Amino acid sequence: MTLRLFFHSDDLKANVEVLDCTPQENEFAVVLRATLFHPQGGGQPFDTGWIGESQVLRVVQDPDRIIHFVDRPVKPGMTQIRIDEQRRRFNSRMHSAGHLIGHFVQALGWMPVKAHHWPGEGRVQFKPLESAKEMDAEMIQHGIEQWVAHDLPRLTSMREGAREIGFGELPAYGCGGTHVRSLKDLGTVTIASLSLKKGMLSVHYSVD
Numbered sequence: 001m002t003l004r005l006f007f008h009s010d011d012l013k014a015n016v017e018v019l020d021c022t023p024q025e026n027e028f029a030v031v032l033r034a035t036l037f038h039p040q041g042g043g044q045p046f047d048t049g050w051i052g053e054s055q056v057l058r059v060v061q062d063p064d065r066i067i068h069f070v071d072r073p074v075k076p077g078m079t080q081i082r083i084d085e086q087r088r089r090f091n092s093r094m095h096s097a098g099h100l101i102g103h104f105v106q107a108l109g110w111m112p113v114k115a116h117h118w119p120g121e122g123r124v125q126f127k128p129l130e131s132a133k134e135m136d137a138e139m140i141q142h143g144i145e146q147w148v149a150h151d152l153p154r155l156t157s158m159r160e161g162a163r164e165i166g167f168g169e170l171p172a173y174g175c176g177g178t179h180v181r182s183l184k185d186l187g188t189v190t191i192a193s194l195s196l197k198k199g200m201l202s203v204h205y206s207v208d
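Here the sequence shown is numbered in the UniProt record's numbering, starting from 1 and rising by one per residue.
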């Protein structure tokens, strides 16, 4: 099983061991003993960057391993990996913003069921509980701005072998994604619109 260094580290560079490199049509599938690269999943896009001098094109989750697809072969043994910083930071901000939307809307009686933290497609979906209240985009916007103003810190914990992410006193969510260290790093979150379809509420958002 690939060791997920990004679970506990915000580092963007590391020296790791290459276990395997297999040709796959016009790409090469690389398996590392440990990785900083977040694979696509959990509503978050994959990281890109470099393994040695090979460019990482996409990263996917196998049942037990994380597979890195690169543009040229990588030799087995120790090498340096580097994460594309701009892409990582944007994806982290999108994911953290999605968590805040989840917290705020859940407090109004809506249970988060699905999230999509992709550029230009950010949305969190909810199903109503008996206590569901009406809201609008401005209300959610104001609530998130208050949390950002208080610069709540990210808290990472493990419960029964599962990783959880929280901010300040807000409840923690089970999550395997990457997040900002504290909400000052979030920037501006814009609640673009709300839509209600077949009883499901979707909150659409973006970060600057």
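The beta carbon of each residue, even a glycine, is placed where N, CA and C say it ideally should be.
The structure presented is a predicted model; accordingly, all values stated were derived computationally and were not measured.
Just how far apart, CA to CA, sit residue i and residue j?
| i | j | result |
| --- | --- | --- |
| GLU138 | HIS95 | 20 Å |
| GLU53 | ALA132 | 52 Å |
| TYR128 | GLY109 | The amino acid at residue 128 is misidentified as Tyr; the sequence shows Pro. If you take the alpha carbons of PRO128 and GLY109, they lie about 6 Å apart. |
| ASP71 | THR178 | 25 Å |
| THR156 | VAL180 | 11 Å |
| LYS184 | LEU152 | 8 Å |
| ARG87 | GLY41 | 15 Å |
Leaving out five residues on either side along the sequence, give the residues of the same chain with a beta carbon under 8 Å from the beta carbon of residue i.
| i | result |
| --- | --- |
| LYS13 | LEU36, GLN80, ILE81, ARG82, ILE83 |
| LEU196 | SER202 |
| LEU32 | THR2, VAL16, GLU17, VAL18, LEU19, ILE51, ILE66, HIS68, ILE81 |
Would you say residue i and residue j are within 8 Å of each other, going by their C-beta atoms?
| i | j | result |
| --- | --- | --- |
| ARG93 | SER202 | no |
| PHE126 | VAL105 | yes |
| ALA34 | LEU57 | no |
| ILE66 | LEU100 | no |
| ASP208 | GLY174 | no |
Who are the near neighbours of residue i in its chain, counting only those whose CB is closer than 7 Å to its CB and skipping five residues on each side?
| i | result |
| --- | --- |
| THR190 | TYR205, SER206 |
Whose C-beta lies closer than 6 Å to the C-beta of residue i among residues of the same chain, with five residues either side of it excluded?
| i | result |
| --- | --- |
| SER9 | none |
| ASP64 | MET1 |
Ignoring anything shorter than 3 residues or poking outside the segment 112-148, list the beta strand (DSSP E) runs there in chain order.
Listed in chain order, they are 123-128.
Three or more C-beta pairs under 8 Å: does that hold for the segment 116-124 against the segment 43-60?
The segment 116-124 vs the segment 43-60: in contact.
Taking 8 Å as the threshold, find out whether the segment 64-81 comes into contact with the segment 163-181 through three or more Cβ pairs.
The segment 64-81 vs the segment 163-181: no contact.
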